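As structure tokens, the structure follows; a few thoughts come after it.
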Amino acid sequence: MAARFSQLDQDTTSKSSSSSTKTPRTKCPAPFLSKTYDLLEEGGAHGSGDDHHPHGRKIVSWNADGNGFVVWSPAEFSELTLPRFFKHNNFSSFIRQLNTYGFKKTSSKQWEFKHDRFLKGRRHMLFEITRKKYEPSMFPTCLRASSDQENAAADMEEAGCLILMEENKNLRREKLELQVQIAQFKALETNYLLKKEHHDEINFEFLGKITGEPNFLHTIGFSHGKGSKEQQFYLRFDPTKAFHAYSIVWNQERIVFSVEKISVNRPTFGVLFPDKQPMRICYSLKSAEDCAARGGLVKTDRTQAPFIACINFKVKQLIVGKTCLCN
Numbered sequence: 001m002a003a004r005f006s007q008l009d010q011d012t013t014s015k016s017s018s019s020s021t022k023t024p025r026t027k028c029p030a031p032f033l034s035k036t037y038d039l040l041e042e043g044g045a046h047g048s049g050d051d052h053h054p055h056g057r058k059i060v061s062w063n064a065d066g067n068g069f070v071v072w073s074p075a076e077f078s079e080l081t082l083p084r085f086f087k088h089n090n091f092s093s094f095i096r097q098l099n100t101y102g103f104k105k106t107s108s109k110q111w112e113f114k115h116d117r118f119l120k121g122r123r124h125m126l127f128e129i130t131r132k133k134y135e136p137s138m139f140p141t142c143l144r145a146s147s148d149q150e151n152a153a154a155d156m157e158e159a160g161c162l163i164l165m166e167e168n169k170n171l172r173r174e175k176l177e178l179q180v181q182i183a184q185f186k187a188l189e190t191n192y193l194l195k196k197e198h199h200d201e202i203n204f205e206f207l208g209k210i211t212g213e214p215n216f217l218h219t220i221g222f223s224h225g226k227g228s229k230e231q232q233f234y235l236r237f238d239p240t241k242a243f244h245a246y247s248i249v250w251n252q253e254r255i256v257f258s259v260e261k262i263s264v265n266r267p268t269f270g271v272l273f274p275d276k277q278p279m280r281i282c283y284s285l286k287s288a289e290d291c292a293a294r295g296g297l298v299k300t301d302r303t304q305a306p307f308i309a310c311i312n313f314k315v316k317q318l319i320v321g322k323t324c325l326c327n
């Protein structure tokens, strides 16, 4: 009997010993938290990766203290970042998930979120973040007011408005870019027409200037393969500050250029009347580096773009005994 009890004690001891040496099960953080942490770490590691705007602007990043993160551009964040880590591109759903795990929006001026366990360089603390547990109430659910849900709804509404505002801003920027491209195409078309061997040209040219230099304009006349008599005139006013009247009057005898109804050139300078082909009125905005910028020494400062010109055209013609040749 003694031997039997001894064997039982030995078996019991070995079983308890083996059970005490089992490795405890590792607790993993929620997938949403891991993915959110990953997108922040990836953006911070690469600096110019997919979590940055194509023009170099940040989309999302840790804040300066590393105890929260900032979504700098919700529209780009929804379009470029969320689909890479989640199965949606809804910024409002992302905010709702943050609220579920106890994140707080800390600034009314920007989308900054914080959680006391969500810290830069401390991924191991993610498993300490859990979903909120709502305590049961003695009141019916339909009468219960949840401030957290109200805050979440307000945040989502604000996110939707901000996304719409940013989309409108992007659309306005794209519209401006298209307008600039159209102006460039028109300038290319005009340059092509002016470089043709047989073309007629009667025009004003206003040349951009460096701050502090005088304002001046050029007049050019070219017809029947002759002319190109360019003249330069200094202006006593800045033509970019207000509208002024510039006119060209031409007939078989003379071509007159006027500024504010005052003639600025000789009545004639040897240019024939352009009657061989139809004329048309156009204007363009182009770089003059190769022809009027001291032989290319003065370069166009393209950082000041977009360059905009506003012109009001009025056409008056009096033709006796001839077919109209003006388009």
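Using the UniProt record's numbering, the letters of the sequence shown map in sequence onto residues 1 to 327.
Ideal Cβ positions, reconstructed from N, Cα and C, are used throughout, including at glycine.
Note that this is a predicted model, so its numbers are computed, not measured.
Collapsing the DSSP output to three states places H244 in coil. In the displayed model, H124 falls within a helix according to three-state DSSP. Judged by their CB atoms, E112 and N67 are not nearer to each other than the 8 Å cut-off. Around the beta carbon of G121, a 10 Å sphere encloses fewer than 16 other beta carbons of the protein chains shown; the residue is thus reported as exposed. The criterion of a C-beta distance shorter than 8 Å is satisfied by N265 and T219.
Between the beta-carbon of Q97 and that of V70 there is about 17 Å, and that puts the pair past the 8 Å contact cut. The Cβ-Cβ distance between F216 and L235 falls below 8 Å. Here F185 is exposed. Its C-beta has fewer than 16 other C-beta atoms within 10 Å. As computed with DSSP, V249 is found in a beta bridge with V256. Per DSSP, I95 lies in no beta strand (DSSP E) segment; the continuous alpha helix (DSSP H) that holds it begins and ends at 91-100.
At least 8 Å separates the beta-carbon of R123 from that of Y101. At the C-beta level, F86 and S78 stay beyond 8 Å of one another. In this structure, the CA atom of P306 is about 43 Å from the CA atom of F32. Selection P29, P83, I255, F103 evaluated against E201 yields I255 as nearest (Cα-Cα). Cβ-Cβ separation between A75 and E166: approximately 4 Å, consistent with a contact (criterion under 8 Å).
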